Amino acid sequence: MEEPIAAENLRGSADTWLDAATESLLESGIESVRILPLAKKLNLSRTSFYWFFKDREELLATLLARWKGKNTSNWVARTEAYADSISEAVLNVFDCWFDDTIFDNRYEAAIRSWGQQAPEIATELADADTKRIAALTAMFERFDYAPVAAQVRARTMYLTQLGYVSMKTTEPMNERMARIATYAEVFTGKLPTDREMQRFFARRTPAAV
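For the sequence shown, the numbering used here begins at 402 and goes up steadily by one.
Structure (structure tokens):
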């Protein structure tokens, strides 16, 4: 048991390197994600990196896969979550706006910044956008919206949130929360019931409410 622990102390682990890479990406952008600076950050040898990744390109591919697995997969999952009404369904997706464990807005912004420098990443982003909008469209269609109306509402909802991410919009949380019901009404054409809003707020932390 002691040998594996000692080895991990000397080399770190794949997750150790990936977490450090993610932190550097969020703080300083993709150009900061380089092996030697990460090794210094972790107080590990540069060569220990190669126990877990073939090269920097493999690390970057893993960073991208982590983003897909978190932001896109979770977004789609929220569109498919159980809901009795379209208002409740939209409020389920709103969880992505307020919970970084579901949808990490900083990670999203960092990947989009990377995409401005790398055409292959821009292609990945376009694919993610298509999947997310398709999932929202299917959600609206599930509640009997006509196909064109479903797509337009889905695009409006998605591009609104993307605007928050891209513009790095900040506003007092109590103000944004106070507008949630109106946002839902704009996107769906229906005002959520008090009970639906209570269920949504119950998922938020006391500080957020």
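Think of the CB as a built atom: it goes at the ideal place given N, C-alpha and C, for glycine as much as any other residue. In this text, all values refer to a predicted model and were calculated from it rather than measured experimentally.
CB residue i to CB residue j, shorter than 9 Å?
i	j	result
Ile465	Val434	For the record, residue 465 in the displayed sequence is Leu; it is not Ile. For Leu465 and Val434, no; Cβs fall outside 9 Å.
Met598	Ile581	yes
Trp669	Glu428	Because residue 669 is not part of the residues shown, which for the chain are 402 to 610, the question remains open.
Thr463	Lys532	no
Phe454	Ala484	no
Is it buried or exposed for residue i, if we count other Cβ within 10 angstroms and need 16 for buried?
i	result
Leu592	exposed
Gln562	buried
Ala536	buried
Ala421	buried
Lys602	Strictly speaking, residue 602 in this sequence is Phe, with Lys absent from that position. Its Cβ having fewer than 16 others within 10 Å, Phe602 is exposed.
Asp617	Any question about residue 617 goes unanswered here, given that the chain covers just 402 to 610.
Ala511	buried
Glu489	buried
Thr538	buried
Leu560	exposed
Arg596	exposed
Ala551	buried
Thr571	exposed
Ser425	buried
Going by CA-CA distance only, name the one from the options that's closest to residue i.
i	options	result
Met540	Ala579, Leu492, Thr417	Leu492
Phe499	Ala529, Tyr565, Phe453	Tyr565
Ile503	Ala490, Thr538, Arg513, Asn475	Asn475
Val477	Ile534, Arg543, Glu542, Phe544	Ile534
Thr546	Phe588, Asn575, Glu459	According to the sequence provided, residue 546 is Tyr. The question's Thr does not apply to it. Ranking the options by Cα distance to Tyr546, first place goes to Phe588.
Ala482	Ser514, Trp515, Arg513, Arg543	Arg543
Tell me the rounded alpha-carbon separation between residue i and residue j.
i	j	result
Tyr584	Arg554	12 Å
Pro573	Trp452	45 Å
Arg457	Arg604	39 Å
Ile436	Pro520	23 Å
Thr557	Leu439	39 Å
Gly430	Lys471	19 Å
Leu590	Ile487	Sequence inspection shows Gly at residue 590; the Leu mentioned does not correspond to that position. Roughly 10 Å separates the two Cα atoms.
Cys497	Thr480	10 Å
Trp418	Ala579	40 Å
Ser449	Gln518	29 Å
Pro405	Lys442	Confidence at Pro405 is low in this model, with a pLDDT of 48, below 50, so its placement is unreliable and the value that follows should be read with caution. Their Cα atoms are separated by approximately 22 Å.
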